[in-house]
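Asks: Questions regarding the structure given below will be posed in turn.
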Amino acid sequence: MAERVDPARIPSRTLPSGSKIPCIGMGTFGSDRYGPDEVSTAVGGAIRLGYRLFDCASVYNNEDVIGKAFEESFKSGVVRREELFVTSKVWNDMHGKGDVLLSLAKTLRDLRLDYVDAFFVHWPFPNYHPPGCDGNARNPGSVPFSADRFMRTWSEMEKISRLGLAKHIGMSNMTISKLEMVLSRCEIKPVLIEMELHPAFQQPELFYYCVQRKIQPIGYCPIGSPNRPDRDKTPKDAADTEMPEVVAIAKAHGIHPALVCLKWQVQRGSIPIPFSVHEKNYAANLHCILEEPLGDAEMASIAKADKNCRLVKGQVFLWPDAESWEALWD
Ligand SMILES: NC(=O)c1ccc[n+]([C@@H]2O[C@H](COP(=O)([O-])OP(=O)(O)OC[C@H]3O[C@@H](n4cnc5c(N)ncnc54)[C@H](OP(=O)(O)O)[C@@H]3O)[C@@H](O)[C@H]2O)c1
-12 MAERVDPARI PSRTLPSGSK IPCIGMGTFG SDRYGPDEVS TAVGGAIRLG
38 YRLFDCASVY NNEDVIGKAF EESFKSGVVR REELFVTSKV WNDMHGKGDV
88 LLSLAKTLRD LRLDYVDAFF VHWPFPNYHP PGCDGNARNP GSVPFSADRF
138 MRTWSEMEKI SRLGLAKHIG MSNMTISKLE MVLSRCEIKP VLIEMELHPA
188 FQQPELFYYC VQRKIQPIGY CPIGSPNRPD RDKTPKDAAD TEMPEVVAIA
238 KAHGIHPALV CLKWQVQRGS IPIPFSVHEK NYAANLHCIL EEPLGDAEMA
288 SIAKADKNCR LVKGQVFLWP DAESWEALWD
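In this note's numbering, the protein residues as written are -12 to 317.
Shown next, in the form of structure tokens:
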């Protein structure tokens, strides 16, 4: 069994509320490859190992079994509720008309919690597609982004925040132009934004836009999601763990390139949420944060290696007459 990490040694970031969030967490999307029970077992193992931040979502279809892992961890005294930072997200078919509250109610029942630490709008439009659908699938009911429509969903997010059911609220898969349209209209501003971040896709403009506004970035696909669903793969996609700059630094430190990706992100200021059900991997991901940091030249070398290569293109959310996935990311 992997060596436990004292969670108090894992650095945290402070949110505007004064709440702390660990600088690294664990993702829980099984990528259509790992079943709910495998993910739930890994969550239980990760809690015992010292993880305190878990990124969940209703669409990952495993919150009910992850809830059992949380409950068992509380009952056995491994961790107390208030020591965990649990996030979840409202899926695209639950925007508007009170559905955000319904979605959160189901998430809370499934996760066996009274509140989540953060709740996100998973995608900024109500364009539903079932999990696991084909990459070429299109839903004729899909629509382009509308600030007015988004704000109706956001006002429901503000309600659940006021009710205390979500300690913090956040957005995901946003762009600067969309944020410019909505931030000034928010009564309660997002304090966290989830975005794709890895060496081959660094999004420096969006990243620093958020940092300047005290919105903490959480980086998804931090290792370049090598096992992402086939619908999200194209021949031109970069593989972060094979990038020469990343491999050279990994060799110099004697570590796996995946860990270089994570160290770079934590040192840059984002919160990576790597996924693995394999103890060897999720243990290494937590341990590496406490081991030898990257040097300034290594950080600079990765910064220069950005390929602007988005992996989660979201093409299944396109509306019927949209030309290509780039239309989602204006
Ligand atoms: N907000 C959103 O729209 C959104 C979108 C995508 C993802 N997410 C969140 O972000 C999380 C992470 O993204 P992701 O799962 O797509 O990608 P990822 O974390 O970049 O990659 C996961 C893969 O990396 C491998 N890996 C993990 N640790 C490793 C290590 N130490 N050495 C070698 N390989 C390692 C794992 O392989 P093995 O399986 O072989 O261990 C795993 O399949 C998700 O689980 C989800 O919670 C959010």
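From the three backbone atoms N, C-alpha and C, an ideal C-beta is built for every residue, glycine too. Nothing here was measured: the structure is a model prediction, and the numbers come from that model.
With distances taken between CB atoms, is the gap from K76 to A124 smaller than 8 Å?
Replies: Result no, Cβ atoms of K76 and A124 do not sit closer than 8 Å.
Asks: Considering only heavy atoms of ligand 1, does any lie closer than 7 Å to the CB of R215?
Replies: Under cutoff, so the answer is yes.
Asks: Grouping DSSP H, G and I as helix and E and B as strand, with all else coil, what is G31?
Replies: G31: helix per DSSP, three-state reduction.
Asks: Can you tell me the Cβ-Cβ gap for A153 and Y195, rounded? I've got them flagged as a contact below 8 Å.
Replies: The Cβ separation is near 26 Å, so there is no contact.
Asks: Looking only at DSSP bridge pairs, what is D42 linked to?
Replies: Answer is G14 and T74, bridged to D42.
Asks: Does S63 pass the burial test, meaning 16 or more other C-beta atoms within 10 Å, or should it be called exposed?
Replies: Classification of S63: exposed, given that the 10 Å Cβ count is below 16.
Asks: Between which two residues does the alpha helix (DSSP H) holding D135 run?
Replies: Taken as a continuous stretch (DSSP letters only), the alpha helix (DSSP H) holding D135 covers A134 to R149.
Asks: When you compare only the Cα positions, how much space is there between A284 and E232?
Replies: One C-alpha to the other measures close to 11 Å.
Asks: At a cut-off of 7 Å, is D80 close to ligand 1 when judged by its beta-carbon and the heavy atoms of the ligand?
Replies: No, since every heavy atom of ligand 1 falls outside the 7 Å radius drawn around the Cβ of D80.
Asks: Using DSSP bridges, identify the partner residues of P204.
Replies: Per DSSP, I180.
Asks: At which residues does the alpha helix (DSSP H) containing I163 begin and terminate?
Replies: Here the alpha helix (DSSP H) through I163 covers I163 to V169.
Asks: If you draw a straight line from the C-alpha of F262 to the C-alpha of R297, how long is it?
Replies: Cα-Cα distance, rounded: 18 Å.
Asks: Determine, using beta carbons only, whether D227 and H185 come nearer to each other than 8 Å.
Replies: Closer than 8 Å, so yes.
Asks: Please classify L246 as buried or exposed, where buried requires at least 16 other C-beta atoms within 10 Å of its C-beta.
Replies: Buried, by the Cβ-count rule.
Asks: I'd like the list of long-range same chain contacts for W251, defined as Cβ closer than 7 Å, with 5 residues on each side in sequence excluded.
Replies: Around W251: P186, L281, M286 and I289.
Asks: Which term fits M161, buried or exposed, when burial requires 16 or more other beta carbons within 10 angstroms of its beta carbon?
Replies: Buried.
Asks: Tell me whether E229 is buried or exposed, calling it buried when 16 or more other Cβ atoms sit within 10 Å of its Cβ.
Replies: Answer is exposed; the Cβ neighbour count stays below 16.
Asks: Which residue marks the beginning of the alpha helix (DSSP H) containing V108, and which one marks its end?
Replies: V108 -> not in any alpha helix (DSSP H); beta strand (DSSP E) instead, spanning V103 to V108.
Asks: Judging by CA-CA distance, which residue of E145, T221 and I236 is the nearest neighbour of G85?
Replies: Comparing Cα positions, the closest option is E145.
Asks: In the DSSP assignment, find the alpha helix (DSSP H) that holds K154 and state where it starts and stops.
Replies: Looking at the DSSP string, K154 is not in any alpha helix (DSSP H); the run it does join, the beta strand (DSSP E), is A153 to S159.
Asks: Just checking my contact of S27 with N49 at CB under 8 Å: how many whole Å lie between their CB atoms?
Replies: About 6 Å separates the two Cβ atoms, so the contact holds.
Asks: Within this structure, are the beta carbons of A29 and Y207 separated by less than 8 Å?
Replies: Contact: no.
Asks: Hey, how far is the Cα of V65 from the Cα of L315?
Replies: Those two C-alpha atoms are separated by around 42 Å.
Asks: Let me know the secondary structure DSSP gives T94 once reduced to three states.
Replies: Helix, per DSSP.
Asks: So, I8 versus F72, is the Cβ gap smaller than 8 Å?
Replies: The answer is yes: Cβ separation under 8 Å.
Asks: Indicate whether the contact test is met: 3 or more Cβ pairs, each with one atom in the segment 269 to 279 and one in the segment 294 to 313, closer than 8 Å.
Replies: Judged by Cβ distances under 8 Å, the segment 269 to 279 makes no contact with the segment 294 to 313, as fewer than three pairs qualify.
Asks: Which word fits R163, buried or exposed, when buried means at least 16 other C-beta atoms lie within 10 angstroms of its C-beta?
Replies: Contrary to the premise, residue 163 reads as Ile rather than Arg in this sequence. Exposed: under 16 other Cβ atoms inside 10 Å.
Asks: Can you tell me whether G241 is buried or exposed? The criterion is at least 16 other CB atoms within 10 Å of its CB, across all chains shown.
Replies: Exposed, since its Cβ has fewer than 16 Cβ neighbours within 10 Å.
Asks: May I ask you to report which of helix, strand or coil DSSP gives K7?
Replies: Strand.
Asks: Would you say the beta carbon of H116 is closer than 7 Å to some non-hydrogen atom of ligand 1?
Replies: Not under cutoff, so the answer is no.
Asks: Would you kindly report the start and end of the unbroken beta strand (DSSP E) that includes S(-1)?
Replies: S(-1) -> beta strand (DSSP E) spans S(-1) to T1.
Asks: Report all residues from its chain with a CB closer than 8 Å to the CB of H109; omit the five preceding and five following residues, and keep chain order.
Replies: Around H109: A44, V46, K76, V77, W78, N79, S159 and N160.
Asks: Alpha carbons only, please: which of T74, L2 and D51 is nearest the one belonging to M13?
Replies: It is T74 whose Cα lies nearest to the Cα of M13.
Asks: Starting from H185, follow its DSSP beta bridges and name the residues at the other end.
Replies: Bridge partners of H185: F188.
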